[in-house]
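Participant: Okay, so the sequence shown: first residue is 5 according to our numbering, each after it adds one. From the three backbone atoms N, C-alpha and C, an ideal C-beta is built for every residue, glycine too. Bear in mind that the values here come from a model prediction, so they are computed numbers and not experimental data.
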Amino acid sequence: MTAQIETGHRQVRVDLASPLPISIRLSHGKNNPVAWYAPYPSLTPVEMEGFVGNVALGGSVNTNDITFNPHGNGTHTECIGHLTKEAHQVDEYMRDFIHLAQVFTVTPHVLDADRSEFQQAGDRIIRVEELERLSLSPDVKALAIRTLPNTDSKKSRVYTGQNPPYFDPAALAWVRAQGIEHLLVDLPSVDRENDGGKMLAHRAFWYENDSPRMHATITEFIYIPDEIVDGEYLLNIMIAPFGNDASPSKPTLYRLLP
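1. Tell me which residues share the same chain as glutamine 182 and place their Cβ nearer than 6 angstroms to its Cβ, disregarding the 5 neighbours each side in the sequence.
2. Roughly how many angstroms lie between the CA atoms of alanine 39 and proline 23, to the nearest whole one?
3. Skipping 5 residues on each side, what residues in its chain have a beta carbon closer than 7 angstroms to that of leucine 261?
4. Count the CB pairs spanning the segment 115-131 and the segment 160-175 that are closer than 8 angstroms, and state whether there are at least three.
5. With 16 other CB atoms within 10 Å as the buried threshold, where does isoleucine 70 fall?
6. So, glutamate 236 versus alanine 21, is the Cβ gap smaller than 8 angstroms?
7. DSSP on valine 38, reduced to helix/strand/coil?
8. According to DSSP, is phenylalanine 101 part of a helix, a strand, or is it coil?
9. Between Val107, Glu53, Arg150, Pro25, which lies nearest to proline 192 when the distance is taken from Cα to Cα?
10. Check whether the Cβ atoms of isoleucine 267 and valine 107 lie closer than 8 angstroms to each other.
11. Pick helix, strand or coil for histidine 75, following the three-state DSSP scheme.
12. To which residues does DSSP link glycine 235 through a beta bridge?
13. Any idea what DSSP makes of proline 173, helix, strand or coil?
14. Can you give the beta carbon distance from isoleucine 26 to tyrosine 227, rounded, assuming they're within the 8 angstroms contact cut?
15. Excluding the 5 residues preceding and the 5 following asparagine 68 in the sequence, name in chain order all residues of the same chain whose CB lies nearer than 8 angstroms to its CB.
16. Compute the distance between the beta-carbons of valine 94 and asparagine 248, then report whether it is under 8 angstroms.
17. Isoleucine 228: beta carbon under 7 angstroms from a heavy atom of the ligand MN?
Dropping the structure here:
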């Protein structure tokens, strides 16, 4: 199944029958990534007097109660409401779902000396220098960043208390300046795990001269397998219609055809 899509000043052809998912499947228990001291996701059968929501246990149907934290458990897409006093929901502000996207691989830089209270020696950081070799087409509005090393342990890693790699705010100001509206990363956050609550990298991406970019999104906890090479793709960011600053999501890439 092929489709021809006009995006910006370009027309691209894609094979819709060959999707390339870059999300992490959410399931019950420990086979999930976890961050921010969140518990693991829980999927448990509904139980009430005379009913159990599990056919194997004698119920008539399977029906589960699901408990999870979008920011701490698995692939999610978030909007500027993650930072604001006012309630802003991602399903209200995300106006487009299909974009021309660039996949780009970086090796975080290891700081050899403290730069500030919240950028310390040993931190793994993605700076402007790691991104400058990236050449973006003006029609590319989404950027999916894969960090090295890249192993499938990312799909079930405990990030809590581990100070994972993060972005220097200047790097995300640079990304914003390139016209990127949707950023996707294989990390639990674009900011340092402990940054004193400043969230400077988020702010650098979502704000331009103090003006909020309400439609821009950040997707975290993706996983890009090695078989997906760096380059341009068509991206479909699928979110659940949650009235929340963040929603579980299923970003999917499609290869561009000649």
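Facilitator: Well, looking at it:
1. Leu140
2. 28 angstroms
3. Thr6, Arg17, Val18, Asp19
4. yes
5. exposed
6. no
7. strand
8. coil
9. Arg150
10. Since the first and last residues shown for the chain are 5 and 262, residue 267 lies out of range.
11. coil
12. Val107
13. helix
14. 6 angstroms
15. Leu47, Thr48, Pro49, Val50, Gly57
16. yes
17. Absent from the structure shown: the ligand MN. Ligands present: none.
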